[in-house]
Each structure stands twice: as C-alpha cells, then as structure tokens.
Amino acid sequence: MTPGLYVVATPLGNLQDLSPRAREVLQSVAVIAAEDTRHSQILCRQWDIRTALVSVHDHNERDRLEGLLARLGAGEAIALISDAGTPLISDPGYLLVRGARAAGVPVYAVAGPSAVVAALSVAGIPCDRFVFEGFPPAQAAARRAYFEALASEPRTLVFYESPHRLAASLGDLSATFGEQREAALVRELTKRFEEGRLSTLGELAAHARAHTPRGESVLVVRGAPPASGIGEGERVLALLIDALPLRQAVDLTVAITGASRKAIYARALELKSS
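Residue numbering for the sequence shown follows our numbering, starting at 5 and increasing by one per position.
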C-alpha cells in the first residue's frame, strides 16, 4: 500500500454503495481512523474488512493527531472515514488532513457518496450554483440571525439538520425567507424509508410540525430572486433625468451608484414617458 492518508467516502445508508476501490483501501491500510468505531464495525463486517479501527471524532481529534501523524511520518498508510458519506463535510478530520499536508504526507481522495451532492441531485431545485452551509445554529436567536444574513443569497442553499430541530429550523426559514420560497426536504438518503419533498418553506414547516421525522435531513432551498438592480440609482436618476439628456443621465447614474445599466435605462424610459 502506498504510504499516505486516504480520505475514504463510505455509504450514506445502503452498504452496497461502498466502491470497490474504497473496500480495497480499507482492507489494505494499517489502521482506519473512524468517527464512531461501533458504527463503522457494521460496514467492516459487511465487507470482510478486518483492519484495526481507532476513533477520531470532534472531542478527541486533537489528542489523536500526534500519534496518527507519527505513524504517517513513519511510512504507514491510514484511512480516514466518517459515519457516512465523505469525511470533513460537517464531520471530523480537518485537523488530520491539515496536519498531514503540513508534514508533507500525501493525502489521497477515495471519492464516493456525499449527502450534499446526493440531495442536490434529487431535489429538483437549480444546482448549477450552490452554497453548503452545514448545520444551522442550535439556539433560536442565533439561528434566526444566521438565516437573516442568508436571506438575499441568490445561489441555492444547502443545510443539514437533525430531526429534533428540523421543525424549528424550517419555521425560522419560512419566517425569514418567506413562506413561498421553494425548497426540498430530503431525508434518509439511500435508506429504506428515503423521502424527498419539493414544496414551499411554509408547507415543509407545517409538515415537519405535524410529522416527527426520523434521521438527519438535508434542506435544499432555492436562492433569492434577483433584485431590481436599481436601489440608490432610483434616487440619483430622478435628480438627473430632467436636467440632462436621457443617455447622459443613465451614464452618470450608473457611474455614481454602480447600479445595473439595463435596469437604470429601463427606468429612465419609464420616467421620460410618464
């Protein structure tokens, strides 16, 4: 096995989604750094992976770091896995990958399942441009402020949420983004009771209040509609339009405010014809 750190994606739920390469790596490395060794033993038993497991999670990653880096520095091959999906995506492992890079140890991606990409692929919401935001804050006030800061984001937004906070988060999203903002709720990806709902934030919030969900969910929220592009330009244009030729008034308004030329020109035509 070529020495280095192997960041291995593992199934989200269906154990058949483990790739042949991922299985080979997990069988061949010296040790597997796993978020929860008890959980990962299920995967290992399914695929006859007998490699030793060592726990690396949010509460002990700093303590484990020195020992794992020493083993990597000695020429061993180590695999990093999370409970499900691709490590580091709202999961532990950043310190280990960062430490390996700093030490000059090769880091290899063994690509595979990711809840973010899987949810986007089935949501039915534009996914050519998106922002992954992970888990929203647990406290209500912090969560609302967090959503308010994202309300005008034009790109599709992706959030993770736990079952006991799902209804509260959807309620806050609906209040902040508007009840009619389109969104998809995807949960239990690749598992027996996988569910996907494409609707509005208002409807999804009502559904979550009426039905206690199981398992972690992925929320995919359509981005904010584009603004008019005028803003401060409206006031400046109103001052210039009567004193200057239309084109010059438009040019100066755009130069002063940075507003959209197309929007300012359209508004200037409206003002001239009124």
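Using N, Cα and C, we set each Cβ at its ideal position, and we do this for glycine too.
Report the option in the options whose CA atom is closest to the CA atom of residue i.
i      : options                           : result
Thr204 : Pro217, Arg218, Thr216 and Ala188 : Ala188
Ser156 : Val135, Tyr164, Arg169 and Ala142 : Val135
Thr90  : Val12, Ala56, Pro217 and Val109   : Val12
Thr14  : Gly206, Arg185 and Ala119         : Ala119
Tyr164 : Gly79, Lys195 and Pro141          : Pro141
Ser178 : His168, His211, Arg191 and Pro167 : His211
Ser278 : Asp246, Leu256 and Val254         : Asp246
Val60  : Arg251, Pro158, Ala83 and Ala113  : Ala83
Val291 : Leu16, Asp52, Gln50 and Gln45     : In the structure as shown, the chain begins at 5 and stops at 278. Residue 291 is therefore absent and cannot be evaluated.
Tyr10  : Ser23, Ile36, Gln20 and Glu137    : Ile36
Leu22  : Leu202, Trp51 and Ala34           : Trp51
Glu152 : Thr180, Ser173 and His215         : Thr180
Glu274 : Gly262, Ala263, Val111 and Glu238 : Glu238
Arg75  : Val224, Asp87, Leu100 and Lys195  : Leu100
Leu72  : Ala38, Ala88 and Arg42            : Ala38
Val33  : Arg68, Tyr112 and Arg42           : Tyr112
Trp182 : Leu208, His168 and Thr216         : Contrary to the premise, residue 182 reads as Gly rather than Trp in this sequence. Measuring from the Cα of Gly182, the nearest candidate turns out to be Leu208.
Ala88  : Ala104, Asp67, Thr160 and Gln20   : Gln20
Could you give the first and the last residue of the continuous beta strand (DSSP E) run that contains residue i?
i      : result
Ala104 : Here Ala104 belongs to no beta strand (DSSP E); instead the alpha helix (DSSP H) covers Tyr98 to Ala106.
Leu202 : Glu199 to Thr204
Gly138 : Phe134 to Gly138
Ala228 : Premise fails: Ala228 is in no beta strand (DSSP E) and is neither H nor E.
List the endpoints of the continuous alpha helix (DSSP H) containing residue i.
i      : result
Leu69  : Glu65 to Gly77
Glu152 : Ala144 to Leu154
Ala242 : Gly237 to Leu244
Arg251 : Leu250 to Thr261
Ala123 : Ala119 to Ala127
Ala179 : Leu170 to Phe181
Arg265 : Arg265 to Ser277
Determine which residues share a DSSP beta bridge with residue i and list them.
i      : result
Tyr10  : Ala83 and Tyr112
Tyr164 : Val222
Gly89  : Thr14
Ala187 : Ser203 and Val225
Compute every distance between the C-beta of residue i and the non-hydrogen atoms of the ligand HEM, then say whether any falls below 8 Å.
i     : result
Ala38 : No copy of the ligand HEM appears in this structure; indeed no ligand is present at all.
State buried or exposed for residue i, treating a residue as buried only when at least 16 other CB atoms are found within 10 Å of its CB.
i      : result
Ala123 : buried
Pro249 : exposed
Thr6   : exposed
Asp176 : buried
Ala107 : exposed
Ala145 : exposed
Gly79  : exposed
Tyr98  : exposed
Glu166 : Reading off the sequence, residue 166 comes out as Ser, not Glu. Ser166 is exposed by the Cβ-count criterion.
Ile260 : exposed
Pro229 : exposed
Glu65  : buried
Arg226 : buried
Glu186 : buried
Gly138 : exposed
Pro110 : exposed
Leu47  : buried
Ala115 : exposed
Ala81  : buried
Gly206 : buried
Would residue i pass as an interface residue toward chain B - the criterion being a Cβ-Cβ separation below 9 Å?
i     : result
Val35 : Note that chain B does not occur in the displayed structure, where there is just one protein chain.
> For the region 13-64, which segments carrying the beta strand (DSSP E) assignment without a break, of at least 3 residues, lie completely within its bounds, in sequence order?
Replying inline: 35-38 and 57-59
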